[in-house]
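Visitor: Those protein sequence lines, which keep their order, are chains A and B.
In this text, residue positions in the first sequence follow the working numbering: the first is 3, and each later residue adds one.
In this text, residue positions in the second sequence follow the working numbering: the first is 240, and each later residue adds one.
Below is the structure I would like to discuss, written out as structure tokens.
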Amino acid sequence: GDSVTQMEGPVTLSEEAFLTINCTYTATGYPSLFWYVQYPGEGLQLLLKATKADDKGSNKGFEATYRKETTSFHLEKGSVQVSDSAVYFCALSPLLNYGGATNKLIFGTGTLLAVQP
Amino acid sequence: DARVTQTPRHKVTEMGQEVTMRCQPILGHNTVFWYRQTMMQGLELLAYFRNRAPLDDSGMPKDRFSAEMPDATLATLKIQPSEPRDSAVYFCASGPYPGLAGGRSSYNEQFFGPGTRLTVL
Numbered sequence: 003g004d005s006v007t008q009m010e011g012p013v014t015l016s017e018e019a020f021l022t023i024n025c026t027y028t029a030t031g032y033p034s035l036f037w038y039v040q041y042p043g044e045g046l047q048l049l050l051k052a053t054k055a056d057d058k059g060s061n062k063g064f065e066a067t068y069r070k071e072t073t074s075f076h077l078e079k080g081s082v083q084v085s086d087s088a089v090y091f092c093a094l095s096p097l098l099n100y101g102g103a104t105n106k107l108i109f110g111t112g113t114l115l116a117v118q119p
Numbered sequence: 240d241a242r243v244t245q246t247p248r249h250k251v252t253e254m255g256q257e258v259t260m261r262c263q264p265i266l267g268h269n270t271v272f273w274y275r276q277t278m279m280q281g282l283e284l285l286a287y288f289r290n291r292a293p294l295d296d297s298g299m300p301k302d303r304f305s306a307e308m309p310d311a312t313l314a315t316l317k318i319q320p321s322e323p324r325d326s327a328v329y330f331c332a333s334g335p336y337p338g339l340a341g342g343r344s345s346y347n348e349q350f351f352g353p354g355t356r357l358t359v360l
């Protein structure tokens, strides 16, 4: 079945360091791909998304590119801040059998990012 | 600013008691999801509703959990009787159903509430 695998954390970085959180997926066809972020004590919120191959999602300095050939959607940021400390979830929204869309999401296990000043 | 609301935000109860958690989805959203988050299991999908009808509740322990949508503005998750292993944060999420637009629909997001932190003693 469809699944998402993301790197285990915690990832600990110093402020202004470069961030990569790896995410790969297994799915049929072209699912939509998402990164959600969860700040301490809060619910998940959408960070960025991509709906087709080679699309780049971006928001708040974060970027991820939908790579069909490597089935990946790695999250990157050029310079992290202390305020980026959170848990990051990669997710996919699978296609239905007849090609229709759904908003049911399959999540990875989450990666804790800790940014130190 | 439309948001998903959940009540209560925190609940402490004793084993064997009934617990009811409530969720108000964003107006106009016709899909609702219930998740449970724990350190050990991560984020688990418990139930999924579309147009108030349950589509998938395979992740929910049927003997003690029940989920309903009495109307379009209210979703409930009930545990009876509660057990210490039910201690977790329970999230509700809502979204607009993308319909038959195909996999490139831009309407397949979910919007999460702040969660209910449940502690069963």
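Where a beta carbon is used, it is the ideal one built from N, C-alpha and C, also for glycine.
(1) Please determine if the segment 72-79 of chain A and the segment 312-320 of chain B are in contact, where contact requires at least 3 C-beta pairs separated by less than 8 Å.
(2) For D295(B), which beta-bridge partners are listed by DSSP?
(3) Are the segment 285-305 of chain B and the segment 242-260 of chain B in contact at 8 Å, needing three or more beta carbon pairs?
(4) How about T113(A) and Q8(A): are their beta carbons less than 7 Å apart?
(5) Of all the CB atoms in chain A, is at least one closer than 7 Å to the CB of Q263(B)?
(6) May I ask you to list the residues that DSSP assigns as paired with G334(B)?
(7) Can you round the beta-carbon distance between G110(A) and C92(A) to whole angstroms, since I take them to be within the 8 Å contact cut?
(8) Should Q276(B) go down as buried or exposed, given a rule of 16 or more other Cβ atoms within 10 Å for buried?
(9) Distance check for S305(B) and E348(B), CA to CA, integer angstroms please.
(10) The beta strand (DSSP E) with R261(B) in it runs from where to where?
(11) Go through its chain and collect everything with a Cβ distance to T26(A)'s Cβ below 6 Å, but skip five positions before and after it.
(12) Could you list which residues in chain B have their beta carbon closer than 8 Å to that of N105(A), in chain order?
(13) How close, in whole Å, do the beta carbons of V271(B) and M308(B) come, if the pair is a contact with beta carbons under 8 Å?
(14) Roughly how many whole angstroms lie between the Cα atoms of K54(A) and L115(A)?
(15) Any Cβ of chain A within less than 7 Å of the Cβ of F288(B)?
(16) In the structure shown, what three-state DSSP assignment does V84(A) receive?
(17) What's the C-alpha gap between W333(B) and S95(A)?
(18) Note down the Cα distance separating L339(B) from F351(B), rounded to an integer number of angstroms.
(19) Under 7 Å between beta-carbons, which chain B residues line up against E2(A)? List them in chain order, please.
(20) Does the distance from the CB of G3(A) to the CB of L97(A) come in under 7 Å?
(21) Is the CB of F109(A) under 7 Å away from at least one CB in chain B?
(22) Compare the Cα-Cα distances from F20(A) to each of D86(A), Q40(A) and P42(A) and report the closest residue.
(23) Could you name the residues of chain B that G112(A) contacts, counting a contact when the two beta carbons are closer than 8 Å?
Guide: The relevant details are as follows:
(1) no
(2) Translated into positions along the second sequence, residue 295(B) becomes position 56. In the DSSP output, where bridge partners are listed per residue, D295(B) has Y287(B).
(3) no
(4) Position 111 of the first sequence, counted from the start, is the residue given in the question as residue 113(A). Position 6 of the first sequence, counted from the start, is the residue given in the question as residue 8(A). Contact flag set, yes.
(5) Here residue 263(B) refers to the residue found at position 24 when the second sequence is read from its first residue. No - not a single Cβ of chain A is within 7 Å of the one on Q263(B).
(6) Counting from one through the second sequence, the residue named residue 334(B) turns up at place 95. DSSP lists T270(B) as partners of G334(B).
(7) For the purposes of this step, residue 110(A) is taken as the residue at position 108 of the first sequence. For the purposes of this step, residue 92(A) is taken as the residue at position 90 of the first sequence. Contact holds; Cβ gap of about 4 Å.
(8) Counting from 1 along the second sequence, the entry for residue 276(B) is found at position 37. Result: buried.
(9) Stepping through the second sequence from its first residue, residue 348(B) is reached at position 109. Stepping through the second sequence from its first residue, residue 305(B) is reached at position 66. Taking the straight line from one Cα to the other gives about 25 Å.
(10) In the second sequence, counting from the first residue as 1, residue 261(B) sits at position 22. Where R261(B) is concerned, the enclosing beta strand (DSSP E) stretches over V258 to Q263.
(11) As a working note, residue 26(A) is residue 24 in the first sequence. Same-chain partners within the cutoff: T7, T73 and S74.
(12) Reading the first sequence from its first residue, position 103 is the one you call residue 105(A). Going along chain B in sequence order, the residues near N105(A) (Cβ under 8 Å) are T270, G334, P335, Y336, P337, Y346, N347, E348 and Q349.
(13) One-based indexing of the second sequence puts residue 271(B) at position 32. One-based indexing of the second sequence puts residue 308(B) at position 69. Right, their Cβ atoms sit about 6 Å apart.
(14) Taking the first residue of the first sequence as 1, we reach residue 54(A) at position 52. Taking the first residue of the first sequence as 1, we reach residue 115(A) at position 113. The straight-line gap from Cα to Cα measures roughly 27 Å.
(15) Taking the second sequence and counting its residues from 1, one reaches residue 288(B) at position 49. By this cut-off, F288(B) is not an interface position.
(16) Taking the first residue of the first sequence as 1, we reach residue 84(A) at position 82. Three-state DSSP puts V84(A) in a helix.
(17) Against the second sequence, residue 333(B) aligns to sequence position 94. Against the first sequence, residue 95(A) aligns to sequence position 93. Reading the sequence as shown, one finds Ser at residue 333(B) and not Trp. S333(B) and S95(A): Cα-Cα distance of roughly 14 Å.
(18) Within the second sequence, the letter at position 100 stands for residue 339(B). Within the second sequence, the letter at position 112 stands for residue 351(B). Per-residue confidence for L339(B) stands at a pLDDT of 48, beneath the threshold of 50, marking its modelled position as unreliable; the derived number appears in the next sentence. L339(B) and F351(B): Cα-Cα distance of roughly 23 Å.
(19) Any property of residue 2(A) remains undetermined from this structure, which presents chain A solely from 3 to 119.
(20) Numbered from its first residue, the first sequence carries residue 3(A) at position 1. Numbered from its first residue, the first sequence carries residue 97(A) at position 95. Against a cut-off of 7 Å, the Cβ pair of L97(A) and G3(A) comes out as no contact.
(21) Mapped onto the first sequence, residue 109(A) falls at position 107. Yes, F109(A) lies at the interface with chain B (some Cβ there is under 7 Å from its Cβ).
(22) Position 18 of the first sequence holds residue 20(A). It is D86(A).
(23) Numbered from its first residue, the first sequence carries residue 112(A) at position 110. Ordered by position in chain B, the residues that pass the 8 Å Cβ test against G112(A) are G281 and L282.
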